[in-house]
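Participant:
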Amino acid sequence: MKILAIETSCDDTSIALIQTPAPSGRGSFNFIERRKEERISFNILSNVISSQTEIHKKWGGVYPALAKREHQRNLIPVLEKALKKAQELKIENRKLQIEEKRLRILKKILKREPELLDNFLNFIPKIKKPRIEAIALTVGPGLEPCLWAGVNFAKALAYFWQIPIIPVNHIEAHIYANFIGNFKFQISNFKTLFPAVCLVVSGGHTQLILMKNIGNYKILGETQDDAAGECLDKVARTLGLEYPGGPVIENKSSEFKIKNLESKIKLPRPMIHSKDYNFSFSGLKTAVLYDFRKRNPKVRKNKDYIRQICAETQQSVIDVLIRKTIKAVKNYRIKSIILGGGVIANNELRKQFREKIKKEVPGLKLYIPDPKFCTDNAAMVAVVSFFHRKEKKNWKGIKARADLRINK
Ligand code: KG4
Ligand code: ZN
């Protein structure tokens, strides 16, 4: 079956079309579990992402009201591109006349997104209904105004095309990004995957999750203040670097060479030895701010200083993430580690994770998504919906849930 997926939880507007391996609507995960020998792979027909980074650069972070406005503007053009790329875009000769009752309901669904309503009415009645069986939709967690833009858009489409919605948790989507691409997995192999420890690290979240099976999660620990990505974004802002901070800090760090240095900066590794699995990154951000403030203006602009403080910040984040993950692996008899989220796109983190696992827990499987599926995208949302396809709902019951938890 074909699924259309919508993701608007933060500042990226993304729509994907995927072809799932199993026949439509039938059964649950148990149904595919019986087909043990079959290899499952998801065929990504399109995965269009419209990034808003240029708009948010001025603020050094995501400004929710602006992000919502951009989602309103972007959703129809992104949908158009996604349908076209998946060869599901057919423009009719004549625009369909919408009868009054239907129009009233559409206006009601999109009453808080007037610009999106206009775009919707200008485009959707002109195109042939694509051959999709459901809409996979990120309902949370995320920035509430942003989530609502995607939710109301999905509801209007689901109502207009008379198809169900499968609500998806954004954190679960970051985990399932591992199932995309060349990674073909056999259901029978699932036994060798679980229990797994999942580490999801993004701009909004830093969570260590025990995954006992598909759909079975327990949050072991999470950040008590800033997410790791948020910390990198804020540090970049302090240092006068661009948003998003993660990739810029990675870049500056890679230029850092010890021999150029006079003094070595040492930043804290917050909570690295705490007994729990929680994290804290706001102290790291503050430590960078203090170091920066005490330097004279000349040093603050010095390339070597910037490179060094970036490298040390990045290393602090990496050290804490790896240490806590390995601690969970040892305490829970884990069979695999699954990483996900925007910060996991970081090459140094990927490299060090591989090296440390090899050294400290040799033989343990480590799954890391392709970097392009680490940051927000709708393809990963579509993949999750395949495993939850029994939970499809009528558009009427769908809501955005900014604080949605993966363990419900
Ligand atoms: O998963 P994501 O796209 O959105 C959220 O769900 O938050 O993650 C975005 C975060 C940003 O904080 C960004 O700075 C960080 O991921 N990020 C990175 C890299 N690419 C993105 N952090 C470190 N290294 C990177 N290469
Ligand atoms: Zn995300």
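The numbering of the sequence shown is this note's numbering, which starts it at 7 and goes up by one.
Cβ atoms here follow ideal geometry from the backbone N, Cα and C, with glycine treated the same way.
Bear in mind the structure is a predicted one, so any value in this text is a computation, not a measurement.
#1: Would you report the Cα separation of A202 and I9, rounded to the nearest angstrom?
#2: Between the beta-carbon of L370 and the beta-carbon of V335, is there less than 8 Å?
#3: Once DSSP output is grouped into helix, strand and coil, what is the label at Y165?
#4: Just reading off the alpha helix (DSSP H) that G235 is part of, what are its end residues?
#5: Could you check what DSSP says for M7 in three-state terms: helix, strand or coil?
#6: What three-state label does DSSP hand G148 in the structure shown?
#7: Can you tell me where the beta strand (DSSP E) holding S219 begins and where it ends?
#8: Is the closest heavy atom of the ligand KG4 to the C-beta of A406 under 7 Å?
#9: Run through DSSP, which three-state label would K117 get?
#10: My assumption, with CB atoms under 8 Å, is that A458 sits in contact with F379. Please give the rounded CB distance.
#11: Taking only heavy atoms of the ligand KG4 into account, decide whether any of them is closer than 7 Å to the Cβ of E261.
#12: Considering only residues of the region 337-401, which uninterrupted beta strand (DSSP E) runs meet the minimum length of 3 residues and lie entirely inside it, listed in chain order?
#13: Starting from the C-beta of D297, find all residues in its chain whose C-beta is less than 7 Å away, skip the five residues before and the five after it, and write them out in chain order.
#14: By Cβ distance below 6 Å, which residues in the same chain neighbour F262 in space, the five residues on each side in sequence not counted?
#15: How is C204 classed by DSSP in three states: helix, strand or coil?
#16: Using only Cβ atoms and a threshold of 5 Å, which residues come within that distance of a heavy atom of the ligand ZN? Order them by chain position.
#17: Assign T19 to buried or exposed, taking buried as 16 or more other Cβ atoms, counted over all protein chains shown, within 10 Å of its Cβ.
#18: Given a threshold of 16 other Cβ atoms within 10 Å of its Cβ, counted over all protein chains shown, does D409 qualify as buried or as exposed?
Facilitator: This is what the structure holds:
#1: One C-alpha to the other measures close to 27 Å.
#2: Contact check for L370 against V335 passes: the beta carbons are separated by less than 8 Å.
#3: helix
#4: A234 to T244
#5: coil
#6: Three-state DSSP puts G148 in coil, outside helix and strand.
#7: Going by the sequence as given, residue 219 is Asn instead of Ser. Counted as a single uninterrupted DSSP element, the beta strand (DSSP E) harbouring N219 occupies residues T212 to N219.
#8: no
#9: coil
#10: What the structure shows of the chain is the stretch from 7 to 414, and residue 458 is not part of that stretch, so it cannot be assessed.
#11: no
#12: 342-346 and 371-373
#13: I271 and I315
#14: R313, Q314 and A317
#15: In the structure shown, C204 falls within a strand segment according to DSSP collapsed to helix, strand and coil.
#16: The set, ordered by position in the chain, is S208 and D382.
#17: By the neighbour-count criterion, in which a residue is buried when 16 or more other Cβ atoms sit within 10 angstroms of its Cβ, T19 is buried.
#18: Answer is exposed; the Cβ neighbour count stays below 16.
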